[in-house]
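Q: Pasting in a structure now, in structure tokens, and then I'll have a few things to ask.
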Amino acid sequence: MYYQDELYGSFKIEGILEELVHTEPFQRLKRIHQGGAIIVVRPDLNQTRYEHSIGVMKLIQVLEGSLGEQIMGLLHDISHTAFSHLIDYVLDIPEENYHEQIFADVIRHPEILRVIEKYGFSIEQFLSPNKFTILDYPLPSLCADRIDYTLRDLMKLEQITKAEVKWFLKGLAIVNNRIVVTEVEYAHWFKSKYTFLVEEYFNGRDNKRANNFMAAITKELYEKGNLTLADFNEDDFHVLKKLEGILKIKLHTSYQEWLSKQDFNILFKTKPREVDPDVIIENQLFRLSQVNNNT
Numbered sequence: 001m002y003y004q005d006e007l008y009g010s011f012k013i014e015g016i017l018e019e020l021v022h023t024e025p026f027q028r029l030k031r032i033h034q035g036g037a038i039i040v041v042r043p044d045l046n047q048t049r050y051e052h053s054i055g056v057m058k059l060i061q062v063l064e065g066s067l068g069e070q071i072m073g074l075l076h077d078i079s080h081t082a083f084s085h086l087i088d089y090v091l092d093i094p095e096e097n098y099h100e101q102i103f104a105d106v107i108r109h110p111e112i113l114r115v116i117e118k119y120g121f122s123i124e125q126f127l128s129p130n131k132f133t134i135l136d137y138p139l140p141s142l143c144a145d146r147i148d149y150t151l152r153d154l155m156k157l158e159q160i161t162k163a164e165v166k167w168f169l170k171g172l173a174i175v176n177n178r179i180v181v182t183e184v185e186y187a188h189w190f191k192s193k194y195t196f197l198v199e200e201y202f203n204g205r206d207n208k209r210a211n212n213f214m215a216a217i218t219k220e221l222y223e224k225g226n227l228t229l230a231d232f233n234e235d236d237f238h239v240l241k242k243l244e245g246i247l248k249i250k251l252h253t254s255y256q257e258w259l260s261k262q263d264f265n266i267l268f269k270t271k272p273r274e275v276d277p278d279v280i281i282e283n284q285l286f287r288l289s290q291v292n293n294n295t
């Protein structure tokens, strides 16, 4: 299949990767919005886990990661529930990792299992995500997941251009099986863009208010038994329809009514995030902060 991506352009997906894309669990990601609750307030921010997952796979491929890592890149968000991290707020999970807790169960879906085994892999190979260090590496380092969602979100926010994306991707390299940049300029650029994303989008007014609103109503309905984990395991549109059926009002209208009654001295908390990319300088790796401190 040929795929058109906002960041990486047109490319072909084939073999095991194509078959995994066509499985029902992966297709479900088309109906899971990357930004979660923000879609209620900003319908234009409609990037999905489907787009992001294919993008992560492609970035790993561009960086010549193994086929196994490309597969893991494709599947890494397969267990995200409706409105992405909303379930973490409903269940009071500060680490925001409910999708990781259920990953081993979701990846064993019969369709995924059939494709994985058809190509000589085993599910067990994908149950230790820490070994896929191009895909995911702890902050403050770079990784394919972090790079893709940053660039993808910023494109939607019209804060970067395709030309900038193309330029930045040329500055990436793999050292010790993880992503680094080849020049200080790339590190400065990404750090500034990531900081903007965290401060102005993740911690921005619209995002915090939307998450406060959705967390409040879904948590109450979950505790009353009107919403179940099975509902969250469906998709955004299923939960949206159920909420509007229970509330007897369009969710955006309900949000506006809720908004008029709020005191925003206490705002929604998001987990702290900061990047400090590794830079290659004279065949050695240095954190950007080390370079800055020595200049």
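Mapping to the UniProt record's numbering: the sequence shown position 143 is 143, numbers consecutive. No residue lacks a Cβ here, since even glycine has one placed at the ideal position from N, Cα and C. Just so it is clear, the structure is predicted and the values come from calculations on it, not from any experiment.
Measure the alpha-carbon distance for residue 170 versus residue 261 and round it to whole angstroms.
A: The alpha-carbon atoms of residue 170 and residue 261 are separated by roughly 49 Å.
Q: Once the 5 residues before and after residue 181 are set aside, which same chain residues still bring their CB inside 8 Å of it?
A: Correct list, in chain order: 142, 171, 172, 173, 187, 190, 277, 278, 279, 280.
Q: Of the residues 134, 214, 103, 106, which one's Cα is nearest the Cα of residue 90?
A: Looking at the Cα atoms, 214 is the closest of the given residues.
Q: Counting Cβ pairs, one atom from each stretch, are 3 or more of them under 8 Å apart for the segment 59-72 and the segment 119-131?
A: The segment 59-72 vs the segment 119-131: in contact.
Q: Is the beta carbon of residue 55 less than 8 Å from the beta carbon of residue 148?
A: Yes, these two residues count as a Cβ contact at 8 Å.
Q: What is the DSSP secondary structure of residue 104, counted as helix, strand or coil?
A: Here residue 104 sits in helix by DSSP.
Q: Over the uninterrupted alpha helix (DSSP H) stretch that includes residue 120, give me the two end residues.
A: Unbroken run through residue 120: none, as it is neither H nor E.
Q: Could you tell me the distance, in whole angstroms, from the CA atom of residue 216 to the CA atom of residue 146?
A: Each residue's alpha carbon lies about 28 Å from the other.
Q: Under DSSP, the alpha helix (DSSP H) around residue 201 begins and ends at which residues?
A: Neither: residue 201 is in no alpha helix (DSSP H) and is coded neither H nor E.
Q: At the level of alpha carbons, what is the spacing between residue 183 and residue 76?
A: If I take the Cα positions, the gap works out to 29 Å.
Q: Relative to the C-alpha of residue 34, which residue among 111, 48, 208 is closest?
A: The shortest Cα separation from residue 34 among 111, 48, 208 belongs to 48.
Q: Is residue 120 buried or exposed, if buried means 16 or more other CB atoms sit within 10 Å of its CB?
A: Exposed: under 16 other Cβ atoms inside 10 Å.
Q: With a threshold of 8 Å on Cβ separation, who are the neighbours of residue 163 within its own chain once the five nearest residues in sequence on each side are excluded?
A: There are no such residues.
Q: Considering only their Cβ atoms, is the gap separating residue 83 from residue 206 smaller than 8 Å?
A: Contact flag unset, no.
Q: In chain order, what residues of the same chain lie with their CB nearer than 6 Å to the CB of residue 226, ignoring the 5 residues before and after it?
A: Answer for residue 226: 246, listed in chain order.
Q: Near residue 296, what residues of its chain come up, given a Cβ to Cβ distance below 8 Å and the 5 sequence neighbours on each side ignored?
A: In this structure the chain extends from 1 to 295, so residue 296 is not present and cannot be described.
Q: Thinking C-alpha only, which one of 221, 116, 273 is nearest residue 201?
A: Ranking the options by Cα distance to residue 201, first place goes to 273.
Q: Since residue 165 and residue 20 should fall inside the 8 Å C-beta cutoff, what is the C-beta to C-beta distance between them, to a whole number of angstroms?
A: Not really, about 25 Å apart at Cβ, beyond 8 Å.
Q: Am I right that residue 88 and residue 96 are in contact with their C-beta atoms under 8 Å? What's the rounded C-beta distance?
A: Going by Cβ atoms, the distance from residue 88 to residue 96 rounds to 4 Å, so yes, they are a contact pair.
Q: Buried or exposed: where does residue 284 fall if 16 or more other Cβ atoms within 10 Å of its Cβ makes it buried?
A: Exposed is the call here.
Q: Given that a residue counts as buried once 16 or more other Cβ atoms are within 10 Å of its Cβ, and exposed if not, what is residue 101?
A: Residue 101 comes out exposed.
Q: Are there 16 or more other CB atoms within 10 angstroms of the CB of residue 13, so buried, or fewer, so exposed?
A: Counting Cβ neighbours within 10 Å, residue 13 comes out buried, since at least 16 surround it.
Q: From this set, 134, 2, 38, 37, which residue's C-alpha is nearest residue 60's C-alpha?
A: Measuring from the Cα of residue 60, the nearest candidate turns out to be 134.
Q: Would you tell me roughly how many angstroms separate the C-alpha atoms of residue 155 and residue 52, rounded to the nearest one?
A: Each residue's Cα considered, the two are about 12 Å apart.
Q: Which residue marks the beginning of the beta strand (DSSP E) containing residue 4, and which one marks its end?
A: Start and end: 2-5.
Q: DSSP three-state call for residue 145: helix, strand or coil?
A: Of the three classes helix, strand and coil, the one that applies to residue 145 here is helix, per DSSP.
Q: Nearest to residue 286 by CA position, among 238, 63, 140, 248, is which residue?
A: Of the listed residues, the one whose Cα sits closest to residue 286 is 140.
Q: Going by the CB atoms, is the gap between residue 36 and residue 86 shorter than 8 Å?
A: Yes. Within cutoff.
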